[in-house]
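Residue numbers (the numbering used here): 55 to 181.
Yeah, the Cβ is synthetic: ideal placement off N, Cα and C, and Gly gets one too.
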Ligand code: 5GP
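In structure tokens form, the structure reads like this:
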């Protein structure tokens with residue numbers, strides 16, 4: 055795997071407590087906090103505490119315990135914030151950007167959870 059983790063990225067600083075965050079959930083392996091520029095009434099970022107750059111890096115190198123915990127925390131947030139359809143909510147979208155084309159701004163793996171308003175279709179068709 056050709057990923058080099060930059061420990062000066064903003065989420066690494068949040069994990070070290072150098073930058074404040076509005077925590078939504080925390081476990082031994084996972085931290086979830088509100089996005090600083092929310093794009094929807096619900097906009098939470100879920101990150102592993104380990105040094106993974108993006109989704110495929112995380113899936114390849116994280117332990118089963120880290121991977122299971124990450125997804126269970128994310129799903130619990132969807133239920134707790136009232137957007138999970140299975141809990142009577144109107145639904146949510148998860149997004150994970152990796153690399154240049156989707157414009158990954160922060161090179162520490164994160165899942166966006168977005169909801170609380172109609173979100174439209176997934177992508178605009180390019181010309
Ligand atoms: P990406 O484009 O990498 O998928 O998303 C990065 C996200 O991190 C953006 O939605 C941006 O608003 C958010 N973000 C950037 N800096 C900070 C910060 O210092 N604190 C928080 N809570 N979110 C941040």
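Backbone CA spacing between residue i and residue j [nearest angstrom]
i           : j           : result
residue 75  : residue 162 : 15 Å
residue 120 : residue 73  : 23 Å
residue 136 : residue 173 : 16 Å
residue 57  : residue 107 : 7 Å
residue 165 : residue 100 : 5 Å
residue 125 : residue 114 : 15 Å
residue 138 : residue 89  : 19 Å
residue 78  : residue 97  : 11 Å
Contacts around residue i, its chain only, beta-carbon distance under 6 Å, and the 5 residues preceding and following it disregarded
i           : result
residue 105 : 59
residue 123 : 81, 83 and 84
Residues near residue i by beta carbon distance below 7 Å, same chain, minus five either side
i           : result
residue 109 : 150, 152 and 163
residue 157 : 151
residue 103 : 69, 83, 84 and 85
Distance between beta carbons of residue j and residue i, contact taken as under 8 Å
i           : j           : result
residue 171 : residue 94  : 5 Å
residue 147 : residue 168 : 5 Å
Those residues which DSSP pairs with residue i across a bridge
i          : result
residue 88 : 98
residue 17 : Here the chain comprises residues numbered 55 to 181, so residue 17 is not present and cannot be evaluated.
residue 77 : 87
The ligand NAP heavy atom lying under 8 Å from the CB of residue i
i           : result
residue 146 : Among the ligands in the structure shown, the ligand NAP does not appear; only the ligand 5GP can be found there.
Quick check for students: name the residue ranges of the alpha helix (DSSP H) that lie wholly in the stretch 92-134, counting only runs of 4 or more.
Fully enclosed alpha helix (DSSP H) runs of 4 or longer: 109-115 and 118-134.
Which runs of the beta strand (DSSP E) spanning at least 3 residues fall entirely within the stretch 134-175, listed in chain order?
Within the stretch 134-175, complete beta strand (DSSP E) segments of at least 3 residues are found at 146-149 and 165-169, given in chain order.
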